[in-house]
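Enquirer:
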């Protein structure tokens with residue numbers, strides 16, 4: 009009974025604003041199960057195609073992303089000019105390496121979000137961000153879309169994350185980051201693979 013009460017309270021606090029889904033499952037239930045799945049992972053891997061917009065300038069690049077045991081490693085694979093640039097993020101620290109030299113990619117918002125840290129920012133939202141809105145999407149309601157934002161911020165203000173997941177396997181398919189209502193970054197994932205924890209059934213689950 010205590011566990012059930014805790015789950016209901018968590019859904020009330022974190023999933024307020026979510027809309028009802030089709031019979032048999034609601035977006036609230038799917039979002040809670042998705043969050044629990046990501047929190048239990050031992051690691052995950054993906055390719056990410058990123059497009060960043062600074063005013064009238066657009067930058068496109070592709071990353072190989074690996075997360076395991078609290079450390080995220082992002083390696084640029086395209087364009088060729090930038091291939092090999094590696095960012096390592098752990099415990100809030102960021103080290104960007106390229107032949108021993110640093111590279112500045114600029115800020116996306118006032119909180120310090122950058123194109124390099126956006127991937128870890130997205131994953132942090134999945135694990136503990138405030139879910140302001142969630143709903144089914146796509147053909148036959150095969151997708152789950154969740155909007156994350158600061159609960160003290162009005163809709164359309166501040167920094168928002170719109171994330172789209174495969175409903176069946178919970179793989180992250182795409183992300184859109186907006187600041188004050190303007191989209192500043194979009195990301196498309198491919199070959200998304202989850203590495204289950206030791207207490208889970210199986211060793212790996214390819215959800216790409």
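In the numbering used here, the protein residues as written are 9 to 216. Built from N, CA and C at the ideal position, the CB exists for glycine as well.
In angstroms, rounded to a whole number, what distance separates the CA positions of residue 130 and residue 194?
Expert: The alpha-carbon atoms of residue 130 and residue 194 are separated by roughly 11 Å.
Enquirer: If you pair each beta-carbon of the segment 43-60 with each one of the segment 189-204, do three or more pairs fall below 8 Å?
Expert: Short answer: they touch.
Enquirer: Which of the three DSSP states, helix, strand or coil, is assigned to residue 130?
Expert: Helix at residue 130.
Enquirer: Keeping to the same chain, check which residues put their C-beta closer than 6 Å to that of residue 38; ignore five residues upstream and five downstream.
Expert: Here the set comprises 152.
Enquirer: Could you tell me the distance, in whole angstroms, from the CA atom of residue 137 to the CA atom of residue 161?
Expert: Rounded to whole angstroms, residue 137 to residue 161 spans 13 Å at the Cα level.
Enquirer: I'd like to know whether the C-beta atoms of residue 122 and residue 140 end up nearer to each other than 8 Å.
Expert: It is not a contact, given that the beta carbons lie outside the stated cut-off.
Enquirer: With distances taken between CB atoms, is the gap from residue 92 to residue 84 smaller than 8 Å?
Expert: Against a cut-off of 8 Å, the Cβ pair of residue 84 and residue 92 comes out as a contact.
Enquirer: Tell me, to the nearest whole angstrom, how far the beta carbon of residue 7 is from that of residue 173; I am working on the premise that it is less than 8 Å.
Expert: For residue 7 there is no data in the structure shown, the boundaries of the chain being 9 and 216.
Enquirer: Could you have a look at residue 117 and say whether DSSP puts it in helix, strand or coil?
Expert: The answer is coil: DSSP assigns residue 117 none of H, G, I, E or B.
Enquirer: Taking residue 95 and residue 124 to be in contact with their CB atoms under 8 Å, please state how far apart those CB atoms are, rounded to whole angstroms.
Expert: At roughly 5 Å, the Cβ-Cβ gap stays under 8 Å, so residue 95 and residue 124 are in contact.
Enquirer: Alpha carbons only, please: which of 74, 73, 68 and 76 is nearest the one belonging to residue 89?
Expert: Of the listed residues, the one whose Cα sits closest to residue 89 is 68.
Enquirer: Could you check which residue in 145, 167 and 159 has the C-alpha nearest to that of residue 126?
Expert: Residue 126 has its Cα closest to that of 167, out of 145, 167 and 159.
Enquirer: Beta carbon of residue 203, beta carbon of residue 49: below 8 Å?
Expert: Closer than 8 Å, so yes.
Enquirer: Considering only DSSP beta bridges, list what residue 219 is partnered with.
Expert: Nothing in the structure corresponds to residue 219, since the chain is present only between 9 and 216.
Enquirer: Mind checking residue 54: buried by the 16 CB within 10 Å criterion, or exposed?
Expert: Under this definition residue 54 is a buried residue.
Enquirer: If we count the other Cβ atoms within 10 Å of its Cβ and call it buried at 16 or more, is residue 76 buried or exposed?
Expert: By the neighbour-count rule (16 or more Cβ atoms within 10 Å), residue 76 is not buried but exposed.
Enquirer: With 16 as the cutoff for other CB atoms within 10 Å, does residue 163 come out buried or exposed?
Expert: Classification for residue 163: exposed.
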